[in-house]
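Trainee: Dropping the structure in here first, questions after.
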Amino acid sequence: MEPEPSMKSLRLNNNILSAGWMLAITALLGTALMVVVNWHSQPYIKVNERQVLLKTLNTLIPASMYDNDIVNDTVLLQDMDLLGSENDSLIYRARKNNNPVAAVMTIIAPDGYTGPIALLVGVNYAGTIQGVRVVKHRETPGLGDAIDIERGDWILSFNGKSLSNPQATGWKVKRDGGEFDQLTGATITPRAIVQSVHKALRFYRQHRSEIFYIEPTTTE
Ligand SMILES: Cc1cc2nc3c(=O)[nH]c(=O)nc-3n(C[C@H](O)[C@H](O)[C@H](O)COP(=O)(O)O)c2cc1C
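Okay, here's the thing in structure tokens:
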């Protein structure tokens, strides 16, 4: 015959059960709280991301140059060879009084020292560079990372350049006979960027009318 459970062991079982319930309820409430906080903060995160993006775009294309919603006036175009990605590349368009004034192309320099380097290339309507910025890279700190505006002003050497200034032979680092400085002890990184920016300018020349006149792509 089974022995009767003692009062002590019954109380222990009840305690374990209620502790289990408490744990489950706390976990459930915690998850619910996280979902609510996350849901409430989404719009603020979006606004914040938009402001950061706009600030970066405005370092390339000053706000005084355009009067459209540059963040949302975008188009997606694909060109593995000239834009460096097999995916669509996002292009921002700046207009004043509905006339195109500038574009910012998101491009990839695929052959950085440590992998692909993501760049923004801003050009005015005529195709002269307004500015270039590195947005993502994994180049070596103290060597290749001087391409970042926060680490050096090398990236500013593209300002005012175009397909005719310099001519194609000049679109190389000095080590290769071109016009652009390499970085001390680091030629591979700047070489990759110079080549890619040059290709972006060629893409712009070939596709300028598509860039400005096809319907905007909704990114929201
Ligand atoms: C650990 C390590 C990290 C390096 N990182 C970079 C880099 O981020 N970018 C770069 O161009 N070269 C980098 N280099 C140097 C290249 O190997 C290569 O020597 C250099 O780019 C050639 O430039 P130079 O002819 O001016 O020396 C690195 C070298 C070592 C050993």
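In the numbering used here, the protein residues as written are 724 to 943. Backbone N, C-alpha and C fix where the C-beta goes; we use that ideal spot for every residue, glycine too.
#1: If you draw a straight line from the alpha carbon of residue 734 to that of residue 751, how long is it in whole angstroms?
#2: Taking only runs of the alpha helix (DSSP H) that begin and end inside the segment 753-839, which ones reach a length of at least 4 residues, in chain order?
#3: Taking just the CA atoms, how far does residue 828 sit from residue 846?
#4: What's the C-alpha gap between residue 836 and residue 869?
#5: How would you label residue 856, buried or exposed, when you count the other beta carbons within 10 angstroms and need 16 or more for buried?
#6: Verify the contact flag: residue 918, CB atom, against every heavy atom of ligand 1, threshold strictly below 8 Å.
#7: Just to check, is the beta-carbon of residue 836 closer than 8 Å to a non-hydrogen atom of ligand 1?
#8: At which residues does the beta strand (DSSP E) containing residue 895 begin and terminate?
#9: Under the assumption that residue 840 contacts residue 915 (Cβ atoms under 8 Å), give the Cβ distance between them as a whole number of angstroms.
#10: In chain order, what residues of the same chain have a beta carbon less than 7 Å from the beta carbon of residue 809, not counting five sequence neighbours either side?
#11: Can you find at least 3 beta carbon pairs, one from the segment 786-799 and one from the segment 810-819, that sit closer than 8 Å?
#12: Taking the beta carbon of residue 749 as the centre, do at least 16 other beta carbons fall within 10 Å, making it buried, or is it exposed?
#13: Looking at residue 885 and residue 924, is the spacing between their C-beta atoms short of 9 Å?
#14: Does the distance between the C-beta of residue 809 and the nearest non-hydrogen atom of ligand 1 fall short of 8 Å?
#15: I'd like to confirm the pairing. Which residues does DSSP put opposite residue 859 in its beta bridges?
#16: Mind checking whether the beta-carbon of residue 898 lies closer than 8 Å to any heavy atom of ligand 1?
#17: Quick one: Cα of residue 807 to Cα of residue 834, how far?
#18: Ligand 1 and residue 875: does any heavy atom of the ligand fall closer than 8 Å to the residue's C-beta?
#19: Residues bridged to residue 846 by DSSP?
Mentor: In brief:
#1: 26 Å
#2: 803-806
#3: 8 Å
#4: 13 Å
#5: buried
#6: no
#7: A distance criterion of 8 Å places the beta-carbon of residue 836 in contact range of ligand 1, judged by its closest non-hydrogen atom.
#8: Residue 895 -> no beta strand (DSSP E), and no H or E assigned at all.
#9: That belief holds up - the Cβ atoms of residue 840 and residue 915 are roughly 6 Å apart, short of 8 Å.
#10: Closer than 7 Å at the Cβ level, and outside the excluded window around residue 809, lie 803.
#11: yes
#12: exposed
#13: yes
#14: no
#15: 841
#16: yes
#17: 9 Å
#18: no
#19: DSSP output for residue 846 lists 826 and 852 as bridge partner(s).
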